[in-house]
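In terms of full-length UniProt numbering, the sequence shown opens at residue 1 and continues consecutively. Note that beta-carbon positions come from the ideal geometry of N, C-alpha and C, so glycine has one too. Bear in mind that the values here come from a model prediction, so they are computed numbers and not experimental data.
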Amino acid sequence: MSGTKEAMPLATVTAAAGAVRALLRLEEGNEAALVERVAGVALGLAESFCGQMLIQRLVEEPMPGSVAWQALAATPVVTILSGGENAIDRDGRGWVRMQEAATVRYRAGLAEAWDSLPPEIAHGVAIMGAHLFDNRDAAAVPPAAVAALWRPYRRMRLDGPRRA
1 MSGTKEAMPL ATVTAAAGAV RALLRLEEGN EAALVERVAG VALGLAESFC GQMLIQRLVE
61 EPMPGSVAWQ ALAATPVVTI LSGGENAIDR DGRGWVRMQE AATVRYRAGL AEAWDSLPPE
121 IAHGVAIMGA HLFDNRDAAA VPPAAVAALW RPYRRMRLDG PRRA
(Lines of atoms letter the chains of each structure in order from A and count residues from 1; the text may use other names and numbers.)
(Lines give C-alpha, C1' and ligand atoms only; values in the text may rest on other atoms or scores of the structure.)
Protein backbone atom coordinates (compact mmCIF):
# COMPACT_ATOMS: atom_id res chain seq x y z
CA MET A 1 0.00 0.00 0.00
CA SER A 2 1.46 3.36 -1.00
CA GLY A 3 -0.73 5.44 1.33
CA THR A 4 -0.64 5.99 5.04
CA LYS A 5 -2.65 4.44 7.83
CA GLU A 6 -3.09 5.42 11.43
CA ALA A 7 -0.94 3.58 13.92
CA MET A 8 -2.46 0.80 15.97
CA PRO A 9 -4.41 2.49 18.79
CA LEU A 10 -2.52 2.55 22.08
CA ALA A 11 -5.56 1.11 23.89
CA THR A 12 -5.41 -1.94 21.60
CA VAL A 13 -1.69 -2.48 22.21
CA THR A 14 -2.25 -2.09 25.96
CA ALA A 15 -5.12 -4.61 25.91
CA ALA A 16 -3.02 -7.05 23.87
CA ALA A 17 -0.15 -6.58 26.33
CA GLY A 18 -2.56 -7.46 29.14
CA ALA A 19 -3.47 -10.69 27.33
CA VAL A 20 0.22 -11.52 26.83
CA ARG A 21 0.92 -10.73 30.48
CA ALA A 22 -1.96 -13.00 31.60
CA LEU A 23 -0.73 -15.85 29.41
CA LEU A 24 2.79 -15.50 30.82
CA ARG A 25 1.42 -15.07 34.37
CA LEU A 26 3.45 -11.90 34.82
CA GLU A 27 2.50 -9.40 37.47
CA GLU A 28 1.41 -5.93 36.42
CA GLY A 29 4.40 -3.68 35.69
CA ASN A 30 6.86 -6.57 35.52
CA GLU A 31 8.80 -6.11 32.25
CA ALA A 32 6.02 -3.75 31.11
CA ALA A 33 7.92 -2.05 28.28
CA LEU A 34 9.02 -5.34 26.75
CA VAL A 35 5.54 -6.84 27.00
CA GLU A 36 4.04 -3.75 25.29
CA ARG A 37 6.63 -4.01 22.51
CA VAL A 38 6.06 -7.72 21.84
CA ALA A 39 2.28 -7.20 21.94
CA GLY A 40 2.60 -4.48 19.28
CA VAL A 41 4.80 -6.72 17.15
CA ALA A 42 2.36 -9.62 17.55
CA LEU A 43 -0.53 -7.39 16.40
CA GLY A 44 1.48 -6.36 13.34
CA LEU A 45 2.31 -9.97 12.56
CA ALA A 46 -1.37 -10.90 12.86
CA GLU A 47 -2.34 -8.16 10.39
CA SER A 48 0.38 -9.25 7.97
CA PHE A 49 -0.57 -12.92 8.21
CA CYS A 50 -4.30 -12.27 7.86
CA GLY A 51 -3.81 -9.78 5.03
CA GLN A 52 -6.28 -7.34 6.50
CA MET A 53 -6.41 -4.58 9.07
CA LEU A 54 -7.62 -5.97 12.37
CA ILE A 55 -8.56 -2.78 14.24
CA GLN A 56 -10.46 -0.02 12.43
CA ARG A 57 -8.27 2.94 11.56
CA LEU A 58 -8.15 5.82 9.12
CA VAL A 59 -6.31 5.18 5.83
CA GLU A 60 -5.26 7.78 3.25
CA GLU A 61 -4.36 6.38 -0.15
CA PRO A 62 -3.39 8.38 -3.24
CA MET A 63 -5.22 7.15 -6.33
CA PRO A 64 -4.74 8.13 -9.98
CA GLY A 65 -7.65 9.51 -11.95
CA SER A 66 -9.42 6.85 -13.99
CA VAL A 67 -12.86 6.10 -15.41
CA ALA A 68 -12.33 2.46 -14.37
CA TRP A 69 -13.03 1.19 -10.85
CA GLN A 70 -9.88 0.97 -8.70
CA ALA A 71 -9.55 -1.21 -5.62
CA LEU A 72 -8.41 0.29 -2.32
CA ALA A 73 -5.45 -1.50 -0.77
CA ALA A 74 -6.61 -1.96 2.83
CA THR A 75 -9.42 -4.32 3.76
CA PRO A 76 -12.04 -4.70 5.07
CA VAL A 77 -13.29 -1.22 4.28
CA VAL A 78 -15.93 0.06 6.69
CA THR A 79 -16.62 3.46 5.15
CA ILE A 80 -15.18 5.64 2.40
CA LEU A 81 -14.95 9.25 3.55
CA SER A 82 -13.77 10.91 0.33
CA GLY A 83 -12.81 10.10 -3.21
CA GLY A 84 -15.29 10.48 -6.05
CA GLU A 85 -17.74 7.70 -6.84
CA ASN A 86 -17.21 4.83 -4.44
CA ALA A 87 -18.57 1.48 -3.34
CA ILE A 88 -17.83 -1.32 -0.88
CA ASP A 89 -18.45 -4.88 -2.06
CA ARG A 90 -19.70 -7.77 0.08
CA ASP A 91 -16.12 -8.90 0.76
CA GLY A 92 -15.22 -5.54 2.31
CA ARG A 93 -13.13 -4.40 -0.66
CA GLY A 94 -13.41 -0.66 -1.29
CA TRP A 95 -13.67 0.67 -4.84
CA VAL A 96 -13.34 4.20 -6.21
CA ARG A 97 -13.46 5.87 -9.56
CA MET A 98 -12.70 9.53 -10.11
CA GLN A 99 -11.82 11.78 -12.97
CA GLU A 100 -8.68 13.29 -11.42
CA ALA A 101 -5.97 11.96 -9.13
CA ALA A 102 -6.77 12.46 -5.45
CA THR A 103 -6.15 11.03 -2.01
CA VAL A 104 -8.95 8.75 -0.85
CA ARG A 105 -9.69 8.74 2.88
CA TYR A 106 -11.42 5.72 4.36
CA ARG A 107 -11.75 3.60 7.50
CA ALA A 108 -10.80 -0.04 7.35
CA GLY A 109 -10.56 -2.80 9.91
CA LEU A 110 -12.18 -6.02 11.06
CA ALA A 111 -13.12 -4.85 14.58
CA GLU A 112 -13.64 -1.54 16.35
CA ALA A 113 -11.44 -2.44 19.34
CA TRP A 114 -9.51 -5.28 20.96
CA ASP A 115 -12.63 -6.51 22.78
CA SER A 116 -14.53 -6.98 19.52
CA LEU A 117 -11.78 -8.94 17.73
CA PRO A 118 -12.65 -12.56 17.01
CA PRO A 119 -11.38 -14.61 20.00
CA GLU A 120 -9.17 -16.75 17.75
CA ILE A 121 -7.25 -13.71 16.52
CA ALA A 122 -6.93 -12.22 20.00
CA HIS A 123 -5.72 -15.48 21.51
CA GLY A 124 -3.27 -15.96 18.62
CA VAL A 125 -1.87 -12.47 19.30
CA ALA A 126 -1.44 -13.37 22.99
CA ILE A 127 0.32 -16.65 22.14
CA MET A 128 2.55 -14.92 19.58
CA GLY A 129 3.42 -12.17 22.06
CA ALA A 130 4.26 -14.74 24.75
CA HIS A 131 6.37 -16.64 22.22
CA LEU A 132 8.27 -13.48 21.28
CA PHE A 133 8.77 -12.66 24.96
CA ASP A 134 10.08 -16.13 25.83
CA ASN A 135 12.31 -16.43 22.75
CA ARG A 136 13.77 -12.94 22.51
CA ASP A 137 17.33 -14.22 22.25
CA ALA A 138 16.74 -16.89 19.60
CA ALA A 139 15.33 -17.06 16.10
CA ALA A 140 12.65 -19.56 17.12
CA VAL A 141 9.92 -20.70 14.75
CA PRO A 142 6.48 -19.27 15.61
CA PRO A 143 4.06 -21.78 17.14
CA ALA A 144 1.90 -23.69 14.64
CA ALA A 145 -1.09 -23.01 16.90
CA VAL A 146 -0.91 -19.32 16.00
CA ALA A 147 -1.21 -20.01 12.27
CA ALA A 148 -4.06 -22.43 12.95
CA LEU A 149 -5.94 -19.76 14.90
CA TRP A 150 -5.38 -17.03 12.31
CA ARG A 151 -5.79 -19.07 9.11
CA PRO A 152 -9.63 -18.80 8.90
CA TYR A 153 -9.24 -15.00 8.79
CA ARG A 154 -6.49 -14.96 6.16
CA ARG A 155 -7.19 -13.10 2.93
CA MET A 156 -5.07 -14.02 -0.03
CA ARG A 157 -5.35 -13.19 -3.73
CA LEU A 158 -3.37 -14.69 -6.53
CA ASP A 159 -4.43 -12.00 -9.00
CA GLY A 160 -5.43 -8.37 -8.74
CA PRO A 161 -8.93 -7.50 -7.57
CA ARG A 162 -11.49 -6.92 -10.32
CA ARG A 163 -14.87 -5.30 -10.29
CA ALA A 164 -17.51 -6.39 -12.73
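The residue from P152, R57, T75, Q70 with its alpha-carbon nearest to that of A11 is R57. Beta bridge pairing from DSSP links L26 with no other residue. When the alpha-carbon of P152 is set against those of Q52, A17, R25, the nearest one is in Q52. For L132, the secondary structure class from DSSP, reduced to helix, strand or coil, is helix.
Between the C-alpha atoms of G3 and V104 there is a straight-line separation of about 9 angstroms. Comparing alpha-carbon positions, the option among D89, W69, Q70 lying closest to V78 turns out to be D89. Straight through space, the alpha carbons of L26 and S82 are spaced by roughly 45 angstroms. The residue from E120, A87, Y106 with its alpha-carbon nearest to that of V59 is Y106.
In this structure, R155 and C50 form a Cβ contact; the two beta carbons are roughly 7 angstroms apart against a cut-off of 8 angstroms. No Cβ-Cβ contact shorter than 9 angstroms links A15 with W150. If you look at R90, you'll find it isn't in any beta strand (DSSP E); DSSP assigns it neither H nor E. Shortest Cα-Cα distance from A74 to any of S66, G84, V96 involves V96.
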